[in-house]
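**Student:** Pasting in a structure now, in structure tokens, and then I'll have a few things to ask.
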């Protein structure tokens, strides 16, 4: 019974039409569904009564015997027609069909005489309005223009273009407009082709560019563009948004007119015509907009549904078109009025019916309409009702328990209670829409429910339904009650010691405390029972200084928030100022001026210290450089001295090496202690080879027996501190006859060079 055959739906709907004066007109309407079905017609929303001029045929179509645009009584057969069909399940209304009379006005643009040089471009235009759109043809010298000639281009809007003019193109031109209403002729215009083809250069110029067009999908658009110049310019087309024009359905008429067949919404845009001089970038442009409209059509149709009493029914209807269509809902052919339990959402795309009952059973229609056309779709709501269901629960009462809790109680239904399996409590804020309602399930033996987590000072509505395995009862009476007001929550309190007699109390911003009017602040010495206060503070205050306190005792500070419902819980803090006083004694206040001066002095000392350090580093580097040079010179002198015979030790006081380049002339025995450089000091400054045997034979040679051969003394320095210079050794003295060669001793010469 809920199949397609039971639905009341249109098979054929009336469509837009253009009627001819004094001619008959038929509007078709065909419906399917369970009989009996009654069909009626309306014009502009008014019921049509059968008459001699208009009556309904047996198949449901409307017949108008003689269409009249304007009758003697001022009425007209023009208007919007729709048919209505009704059966036992409901009523549906067809789409609206717009009926207009065929007409044709006089020409409001006639062709004009033209004189054009040979090789140029001629353009004639005539324009006329009519329904349907008149067809315009051109005649030359009273004969139809030969459209096979490629130089002749006829555009749908009544334009004739002739390119590459020749002498034989001269003549008299006029246009003929015709439609089902009439045939009309324009005035004549003469075309004169003068002179020969000119070779003088002319910049490109667009004589006529594209005009703005508004058309419907599947129609044909012609964008005109005619250009002149010498040499003849090249005409090209593009879209202003940079998207490609494409090739499907695109055709060029004549030398530059763009024709787009089978329009779609994607063809909408601004089109640019460009006339380019061949081989250059010299160009002229013109542009026009194309708007393509699309009639409303459904993307998603509403579906027929069956729902038990008390549940929610939802219909969805999604339509598209250009411009976007407006959606209207009908209930049994009448505009649907919204209420507490009937809601429209998502730009009317979704229809929700809450808590349905038997009166909601009907056929619901979705009408989508825009400037390009309209369409409709329907769906049926069936409300399921079973015999023997419980009657509504009785005696529903709601009592406020606290700011967030309400207790709801009820009594069992009066009838059909044996099959009850439970109750459902429906809850919502009284100010909220029906769709914000929520439910709580209750067992069949329970007749009260504590509803928690409610908002303070808020009104709530409650009703009960009894449920069986076959469905729910009707809703009980609705009861409304408000929760109690709530005192504010505890504030977060913080205490900061300012000085030995003052503390500062701070707390969280009031937004976290709920609804409140302000704060109350109390404080006292802990050994006393009496508080000082309350100090009343506004709700936007978050800090308060407590002054003139005794530093030797501990204080208790208490803060609470209050509103019209009373005082909230308080937050308590304890504070002592004794440590602050002790710190003040141990750490007296600083002399800021003195500290600032000390800081400046410290900064100056740091700068001077840096300069001294840099100077010391420079002197150290110089000392090392000159000391290194002196060691090299001393090493050379030692090598020279070691190459000569050694003098007796007793005579060493006459020749010596004085450190730092200071030569002493006085070599008395009194100066030998600490002033003459002995061999130990020389050995320390210039160590010999690592071999102890060589040291014994070299520097201490005066105490060693004569060597059987020549021993050369070597001054040893690290390899990375100097370079070795090869020198020719001095010739050794000849040994005495019959004796050994004398031992070699270093030459203690002057070291002034160092």
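Numbering (my numbering), first residue to last: 1 to 754.
We treat Cβ as the ideally placed atom computed from N, Cα and C, and that holds for glycine.
Quick caveat: nothing in here was measured; it's all calculated off a predicted structure.
Specify whether the region 298 to 312 and the region 248 to 260 touch according to this definition: at least 3 beta carbon pairs, one from each stretch, less than 8 Å apart.
**Tutor:** Judged by Cβ distances under 8 Å, the region 298 to 312 makes no contact with the region 248 to 260, as fewer than three pairs qualify.
**Student:** Select from 49, 466, 236, 101 the residue whose C-alpha is nearest the C-alpha of residue 17.
**Tutor:** Of 49, 466, 236, 101, the residue nearest in Cα terms is 101.
**Student:** What three-state label does DSSP hand residue 623 in the structure shown?
**Tutor:** Residue state, collapsed to three classes: helix.
**Student:** Tell me the start and end of each unbroken alpha helix (DSSP H) in the region 270 to 351 that is at least 4 residues and wholly inside, in chain order.
**Tutor:** The region 270 to 351 contains no whole alpha helix (DSSP H) run of 4 or more residues.
**Student:** So what does residue 755 bridge to, in DSSP terms?
**Tutor:** A question about residue 755 goes unanswered here, because the residues of the chain that appear run from 1 up to 754.
**Student:** Just reading off the beta strand (DSSP E) that residue 474 is part of, what are its end residues?
**Tutor:** Neither: residue 474 is in no beta strand (DSSP E) and is coded neither H nor E.
**Student:** Answer with buried or exposed for residue 620, where buried requires no fewer than 16 other C-beta atoms within 10 angstroms of its C-beta.
**Tutor:** Burial call: exposed.
**Student:** CB residue 467 to CB residue 421, shorter than 8 Å?
**Tutor:** Cβ atoms of residue 467 and residue 421: closer than 8 Å.
**Student:** Got a sec, what are the start and stop residues for the beta strand (DSSP E) residue 225 sits in?
**Tutor:** No beta strand (DSSP E) contains residue 225, which DSSP labels as neither H nor E.
**Student:** Quick one: which unbroken beta strand (DSSP E) runs of 3-plus residues sit fully inside the region 168 to 209? Chain order, please.
**Tutor:** You should have 171 to 178, 183 to 185, 189 to 194, 202 to 208.
**Student:** What is the DSSP secondary structure of residue 110, counted as helix, strand or coil?
**Tutor:** The answer is coil: DSSP assigns residue 110 none of H, G, I, E or B.
**Student:** The beta strand (DSSP E) spanning residue 81 covers which residue range?
**Tutor:** Run containing residue 81: 79 to 87, per the beta strand (DSSP E) assignment.
**Student:** Could you pull the DSSP bridge partners for residue 416 from this structure?
**Tutor:** Note: residue 416 sits in no beta bridge, so no partner.
**Student:** With residue 259 as the anchor, note down where its beta strand (DSSP E) starts and where it stops.
**Tutor:** Unbroken beta strand (DSSP E) run through residue 259: 257 to 260.
**Student:** Can you list, in chain order, the residues of its chain whose CB lies under 6 Å from that of residue 20, leaving out five sequence neighbours each side?
**Tutor:** Hits under 6 Å: 102, 180.
**Student:** Note down, one range per segment and in chain order, each beta strand (DSSP E) of at least 3 residues found wholly within the region 108 to 146.
**Tutor:** Segments of the beta strand (DSSP E) lying fully in the region 108 to 146: 114 to 117, 122 to 125, 135 to 140.
**Student:** For residue 369, is the classification buried or exposed, using 16 other Cβ atoms within 10 angstroms of its Cβ as the cut-off for buried?
**Tutor:** Buried, because 16 or more other Cβ atoms sit within 10 Å of the Cβ of residue 369.
**Student:** By the three-class DSSP mapping on this structure, what secondary structure does residue 722 have?
**Tutor:** Confidence at residue 722 is low in this model, with a pLDDT of 41, below 50, so the placement of that residue is unreliable and no value is reported for it.
**Student:** Give the straight-line distance between the Cα atoms of residue 30 and residue 349, rounded to the nearest whole angstrom.
**Tutor:** Each residue's Cα considered, the two are about 27 Å apart.
**Student:** Report, in whole angstroms, the separation of the C-beta atoms of residue 396 and residue 410, which I expect to be a contact under 8 Å.
**Tutor:** With a Cβ gap of about 5 Å, residue 396 and residue 410 count as contacting.
**Student:** For the beta strand (DSSP E) that residue 74 lies in, which residues bound it at each end?
**Tutor:** First-last for residue 74: undefined, no H or E at that position.
**Student:** For residue 559 and residue 521, which I take to be in contact (beta-carbon distance under 8 Å), what is that distance rounded to the nearest angstrom?
**Tutor:** Correct: roughly 5 Å between the Cβ atoms.
**Student:** If I follow the unbroken beta strand (DSSP E) through residue 232, where does it start and stop?
**Tutor:** Run containing residue 232: none; DSSP gives neither H nor E here.
**Student:** Are the region 165 to 175 and the region 134 to 153 touching, with three or more C-beta to C-beta distances below 8 Å?
**Tutor:** The answer is yes - the region 134 to 153 touches the region 165 to 175, with three or more Cβ pairs under 8 Å.
**Student:** Would you kindly check if the distance between the Cβ of residue 160 and the Cβ of residue 145 is under 8 Å?
**Tutor:** Yes, they are a contact pair.
**Student:** Using a threshold of 8 Å, state whether the C-beta atoms of residue 241 and residue 209 are closer than that.
**Tutor:** No. Outside cutoff.
**Student:** Just the C-alpha distance for residue 1 and residue 7, rounded to the nearest angstrom, thanks.
**Tutor:** Any reading at residue 1 needs caution, since the residue's pLDDT is 37, under 50, leaving its predicted position unreliable; the model's value is listed next. C-alpha separation (whole angstroms): 9 Å.
**Student:** For residue 367, I'd like the list of residues in its chain whose CB is within less than 6 Å of its CB, leaving aside the five on either flank, ordered along the chain.
**Tutor:** 328, 376.
**Student:** Who are the near neighbours of residue 566 in its chain, counting only those whose CB is closer than 7 Å to its CB and skipping five residues on each side?
**Tutor:** Correct list, in chain order: 487.
**Student:** Taking the alpha-carbon positions, what's the residue 674 to residue 616 distance?
**Tutor:** Only weak support is given to the placement of residue 674: the predicted model assigns it a pLDDT of 43, under 50, and the value that follows is read from those uncertain coordinates. Roughly 30 Å separates the two Cα atoms.
**Student:** Can you tell me whether residue 220 is buried or exposed? The criterion is at least 16 other CB atoms within 10 Å of its CB, across all chains shown.
**Tutor:** The residue in question, residue 220, is exposed, as its Cβ has fewer than 16 Cβ neighbours within 10 Å.
**Student:** Which first and last residues belong to the beta strand (DSSP E) in which residue 369 is found?
**Tutor:** That run of the beta strand (DSSP E) goes 362 to 370.
**Student:** Around the Cβ of residue 358, are there at least 16 other Cβ atoms within 10 angstroms (buried) or fewer (exposed)?
**Tutor:** Residue 358 is exposed by the Cβ-count criterion.
**Student:** Which first and last residues belong to the beta strand (DSSP E) in which residue 12 is found?
**Tutor:** That run of the beta strand (DSSP E) goes 9 to 12.
**Student:** Who are residue 576's beta bridge partners in DSSP?
**Tutor:** 554, per the DSSP bridge assignment.
**Student:** Where do the ends of the beta strand (DSSP E) carrying residue 826 lie?
**Tutor:** Because the chain in this structure spans residues 1 to 754, residue 826 falls outside the shown range and cannot be described.
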